[in-house]
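Engineer: The following block contains the structure, expressed as structure tokens.
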């Protein structure tokens, strides 16, 4: 049932009043620097609340911890703190070092196989478990534990039900369903042999430019606080009842603290709130999670007043552990320790001293292990602090029963395929979709629709389960997926088609405003492309800024006199005034996941022409009136949203929205000789990276590692440069000619680049230099290609550092490329052994004079 603010606060042991929780604040429309508030980034613990976990200390457990701890060597202790990633370790590494835990990041799979079976997941869990308890090398039998980002279902596993992302669940405001989602997720995670999930996210989001806005439930702490309890109990079970039994997993409240309130919504940025505001907005969900018995809390990437949270002992130790009484473990985020002043990914005594107990060090684990051992020996890290960290890790493992459960394959839920995409889980997800939908406009009661109609369904998200699911869906950014990668799932179009055709109506799926038979109504499903952290940050809330593709469809349909229902797919509220004006009905559907039929459940009447399911969703994020209104939050002094927090029409509501909303942007998009981006962190929308033999198209890159063939003629990996997985590394084995190519879904006209002095710019890093030709190509269809040898330029860059390479567009034109019909704007073909990484592929107009390779006549 929906919760009120009073219900949210009732029962919490938070030494804060409702007034402080929802105190009026100034809306920070002006961007401010850390110097604007010059108080130090050190908390005053006495001002923070005390939590009271329902999971009480057990003297038998504490005695067991002391017994194990007393028998460990320094290296064995340090190993418990190290958490590498499955792509960076082997079973033998686990046998030698005995890591306390490990993880699979987004888009990481057993055997690097996106389509890994349940047996594959459990086999890897088994292998690493057995290696961890094998004392033949490291001398210990402490079981390891596997952590995963199961943030809206077990989202790394093909076939698992994906629930709506948190932003939609916040609009749903139903803690009973949340508890069911947590329980369903726990069962599926247990099926794969995994012990621990990095969820729930309990961020309170204050700036919708943040690329992780959809991971938050709301812009205020009330709903999030209630949901923290529901999700922790759903995942772990209730203390004193079914706590961490076979069908439960270890939960993680994240990210502590203030990740949703950074300046400009900058991911991993700086939160400059004063201590009272910082506390009142962000800590209530953590108190609720601790009270419910959460066993792990993840430190946040963000800073508070300039100090990285991974290095802030006043927050992690003095407040969270000492004041709030949290006796579980604190885990770091992906290389978050490396951002602390004086640290890098391979060394950070500061993070351990600040209170991080497990260091998530995906790739640089060996250096980190060795450096930490040395830092304890030198006294930089005290033995007391090391013992505290290991004790907390052991406490969680004992409470979770890991010393008794045995190998993952022997556990009660292991490999039980029937739980993957089960009817029960799909029903929960479908209900969550229905209840998360928010009706923003419904002129003349257009909705609900009769079933027996001629319905045009169009828009870029209508038949894409991937776009409906968003980021953290099989792959990290949610990219590289097709509908076949979601077996058992239902697209939004498929849900509509089933309802309409069963009633004797007809649907037509289109990509634009085209139709064969004029429809009675058009349902246009459109929205944001998929993204996750980092890549989702934006500077302005205007939807499709500079490229109004969806608006063009809406306006074309309206001009033809066709009633238009808009279903908006997004990870945040956005400025869509023009789209609202062009729609007769407008539904905020958020990121609904794999049960698209939940949308048709609400849009259409039942078989008796009565309301089937009414709208229940209410905004948990205020909706912007202007494109620049990125920090509009309820209780701001100058609060002036288009739709306020808590808004949501039902079929009984009167729609009073004006039909002439202002479409004038306060920060208008200006295009003047814009560069053409081909790859920035990932291939641009409408393109993918392929690897193939010689000039063949080959196979699409669908995970973080793709191997061309059994001979590993060419292997492509997602690698890190400036941010996580923002580059691609191509490795040729020298066993044959192969290509790595960025290819468009449909040919593009880039002829403007030819006469504007354009260049192709790409950042490259060589790990192994070529011994033969390396052909850089631009392709324009069958038999049409411009290809040039860049082996000399690559050799000149040398091994090691990143370098920028620029090539005159005329070089490709003279070699045969027709820029009016480009289908592959960037490709590299080679046959000799070579390793090359690339990033930031783009075409720049007017830059030819400074190019590394010039073919134009510049006289």
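In the numbering used here, the protein residues as written are 96 to 954.
We put the CB at the ideal spot given by N, CA and C, even for glycine.
(1) Which class does residue 747 belong to by DSSP, given the choice of helix, strand or coil?
(2) To the nearest angstrom, how far is it from the Cα of residue 783 to the Cα of residue 797?
(3) Looking at the strands, I want to know which residues DSSP matches up with residue 856.
(4) Taking residue 769 as the reference, which of 839, 758, 801, 851 has the closest Cα?
(5) Would you identify the three-state DSSP class for residue 349, choosing helix, strand or coil?
(6) Pick from 901, 670, 894, 348: whose alpha carbon is nearest that of residue 725?
(7) Ordered along the chain, which non-local residues of its own chain (more than five positions away) have a Cβ less than 6 Å from that of residue 350?
(8) Going by C-alpha distance, which of 650, 279, 790 is nearest residue 961?
(9) Where residue 270 and residue 379 are concerned, what is the direct C-alpha to C-alpha distance, given to the nearest angstrom?
(10) Out of 646, 341, 334, 239, state which residue places its alpha-carbon closest to the alpha-carbon of residue 191.
(11) Note down, one range per segment and in chain order, each alpha helix (DSSP H) of at least 4 residues found wholly within the region 452-538.
(12) Report back the beta-carbon spacing between residue 713 and residue 743 to the nearest angstrom; my notes put them in contact at under 8 Å.
(13) Taking only runs that begin and end inside the region 680-744, name each unbroken alpha helix (DSSP H) of 4 or more residues, in chain order.
(14) Tell me the start and end of each unbroken beta strand (DSSP E) in the region 528-616 that is at least 3 residues and wholly inside, in chain order.
(15) With 16 other CB atoms within 10 Å as the buried threshold, where does residue 733 fall?
(16) Are there 16 or more other CB atoms within 10 angstroms of the CB of residue 806, so buried, or fewer, so exposed?
(17) Give a yes or no on whether the minimum CB-CB distance between residue 947 and chain C is below 8 Å.
(18) Please work out which residues of its chain come closer than 6 Å, Cβ to Cβ, to residue 617, disregarding the five sequence neighbours upstream and downstream, and give them in chain order.
(19) Between the alpha carbons of residue 561 and residue 641, how many angstroms are there, rounded?
(20) Hey, how far is the Cα of residue 941 from the Cα of residue 853?
(21) What is the rounded straight-line gap between the Cα of residue 952 and the Cα of residue 848?
(22) According to DSSP, is residue 286 part of a helix, a strand, or is it coil?
(23) Who pairs with residue 827 in a beta bridge, going by DSSP?
(24) From what residue to what residue does the beta strand (DSSP E) around residue 834 run?
(25) Whose C-alpha, out of 189, 263, 915, 171, is nearest the C-alpha of residue 684?
(26) Where residue 533 and residue 315 are concerned, what is the direct C-alpha to C-alpha distance, given to the nearest angstrom?
(27) For residue 886, does the three-state DSSP call read helix, strand or coil?
(28) In terms of residues, what are the limits of the beta strand (DSSP E) holding residue 199?
(29) Tell me whether the beta-carbon of residue 719 lies closer than 8 Å to the beta-carbon of residue 763.
(30) Ends of the beta strand (DSSP E) at residue 669?
(31) Which whole-angstrom value describes the C-beta separation of residue 781 and residue 840, a residue pair presumed to lie in contact below a C-beta threshold of 8 Å?
(32) Based on Cα-Cα distance, which residue from 751, 869, 884, 905 lies nearest to residue 855?
(33) Does residue 169 pass the burial test, meaning 16 or more other C-beta atoms within 10 Å, or should it be called exposed?
(34) For residue 843, does the three-state DSSP call read helix, strand or coil?
(35) Out of 173, 702, 621, state which residue places its alpha-carbon closest to the alpha-carbon of residue 599.
(36) Which of the three DSSP states is assigned to residue 168 in this structure?
Structural biologist: The answer reads as follows:
(1) In the chain shown, residue 747 corresponds to position 652, counting from 1. When DSSP states are grouped into helix, strand and coil, residue 747 belongs to the coil group.
(2) Numbered from its first residue, the chain shown carries residue 783 at position 688. Numbered from its first residue, the chain shown carries residue 797 at position 702. Near 9 Å, if we compare the C-alpha coordinates of residue 797 and residue 783.
(3) Along the chain shown, one-based indexing puts residue 856 at 761. 901, 937.
(4) Taking the first residue of the chain shown as position 1, residue 769 is located at position 674. Residue 851 is the option with its Cα nearest to residue 769.
(5) Along the chain shown, read from residue 1 onward, the residue named residue 349 stands at position 254. Shown here, residue 349 sits in a strand according to DSSP, grouped into three states.
(6) The residue labelled residue 725 in the question sits at position 630 within the chain shown. Put simply, of 901, 670, 894, 348 the residue whose alpha carbon is nearest the alpha carbon of residue 725 is 670.
(7) By 1-based counting over the chain shown, the position of residue 350 is 255. The beta carbon of residue 350 lies closer than 6 Å to those of 393, 395 in the same chain, with the five residues before and after it left out.
(8) Lying outside 96 to 954, the shown extent of the chain, residue 961 is not represented and no answer is given.
(9) Position 175 of the chain shown holds residue 270. Position 284 of the chain shown holds residue 379. If I take the Cα positions, the gap works out to 16 Å.
(10) In the chain shown, the residue the question calls residue 191 occupies position 96. Closest by alpha carbon: 239.
(11) Note on the region 452-538: whole alpha helix (DSSP H) runs with a minimum of 4 residues are 460-473, 478-494, 497-500, 518-531, in chain order.
(12) Within the chain shown, residue 713 is the residue found at index 618, counting from 1. Within the chain shown, residue 743 is the residue found at index 648, counting from 1. Indeed, because the Cβ distance is near 4 Å, the residues count as touching under 8 Å.
(13) Within the region 680-744, complete alpha helix (DSSP H) segments of at least 4 residues are found at 692-698, given in chain order.
(14) Taken in chain order, the unbroken stretches of beta strand (DSSP E) that lie wholly in the region 528-616 and span 3 residues or more are 533-537, 549-553, 601-604.
(15) As a working mapping, residue 733 is identified with position 638 in the chain shown. With fewer than 16 Cβ atoms within 10 Å of its Cβ, residue 733 is classed as exposed.
(16) In the chain shown, residue 806 corresponds to position 711, counting from 1. Looking at its Cβ environment, which holds fewer than 16 other Cβ atoms inside 10 Å, residue 806 is exposed.
(17) Looking for chain C here will not work: only one protein chain is present.
(18) Position 522 of the chain shown, counted from the first residue, corresponds to residue 617. For residue 617, where only same-chain residues beyond five positions count, the Cβ hits under 6 Å are 551, 652, 657, 659.
(19) Residue numbering aside, residue 561 sits at position 466 when the chain shown is read from its first letter. Residue numbering aside, residue 641 sits at position 546 when the chain shown is read from its first letter. Counting only the Cα atoms, residue 641 lies some 24 Å from residue 561.
(20) The sequence position of residue 941 within the chain shown is 846, counting from 1. The sequence position of residue 853 within the chain shown is 758, counting from 1. If you take the alpha carbons of residue 941 and residue 853, they lie about 5 Å apart.
(21) Here residue 952 is taken as the residue at index 857 of the chain shown, counted from 1. Here residue 848 is taken as the residue at index 753 of the chain shown, counted from 1. If you take the alpha carbons of residue 952 and residue 848, they lie about 15 Å apart.
(22) In the chain shown, counting from the first residue as 1, residue 286 sits at position 191. The DSSP-derived three-state label of residue 286 is helix.
(23) Taking the first residue of the chain shown as position 1, residue 827 is located at position 732. Its beta-bridge partners are 809, 929.
(24) In the chain shown, the residue the question calls residue 834 occupies position 739. First-last of the beta strand (DSSP E) with residue 834: 833-839.
(25) Here residue 684 refers to the residue found at position 589 of the chain shown. Distance from the Cα of residue 684 is smallest, within the candidate group 189, 263, 915, 171, for 263.
(26) As a position in the chain shown, residue 533 is number 438, starting the count at 1. As a position in the chain shown, residue 315 is number 220, starting the count at 1. The straight-line gap from Cα to Cα measures roughly 18 Å.
(27) Translated into the one-based positions of the chain shown, residue 886 becomes position 791. Of the three classes helix, strand and coil, the one that applies to residue 886 here is helix, per DSSP.
(28) Within the chain shown, residue 199 is the residue found at index 104, counting from 1. Where residue 199 is concerned, the enclosing beta strand (DSSP E) stretches over 196-199.
(29) The sequence position of residue 719 within the chain shown is 624, counting from 1. The sequence position of residue 763 within the chain shown is 668, counting from 1. Result no, Cβ atoms of residue 719 and residue 763 do not sit closer than 8 Å.
(30) Here residue 669 corresponds to residue number 574 of the chain shown, with the count starting at 1. Note, residue 669: premise wrong, no beta strand (DSSP E); not H, not E.
(31) Locating residue 781 in the chain shown gives position 686, counting from the first residue. Locating residue 840 in the chain shown gives position 745, counting from the first residue. Contact flag correct, Cβ pair sits at about 5 Å.
(32) For this step, residue 855 is matched to residue 760 along the chain shown. Restricting attention to 751, 869, 884, 905, the CA atom closest to the CA of residue 855 is found in 905.
(33) Within the chain shown, numbered from 1, the residue matching residue 169 stands at position 74. When all chains shown are included, residue 169 counts as exposed.
(34) Counting from 1 along the chain shown, the entry for residue 843 is found at position 748. DSSP, reduced to helix, strand and coil, places residue 843 within a strand of the structure shown.
(35) Sequence index remark: in the chain shown, residue 599 carries index 504 (1-based). Sorting 173, 702, 621 by C-alpha distance to the C-alpha of residue 599 places 702 at the top.
(36) Counting from one through the chain shown, the residue named residue 168 turns up at place 73. The answer is coil: DSSP assigns residue 168 none of H, G, I, E or B.
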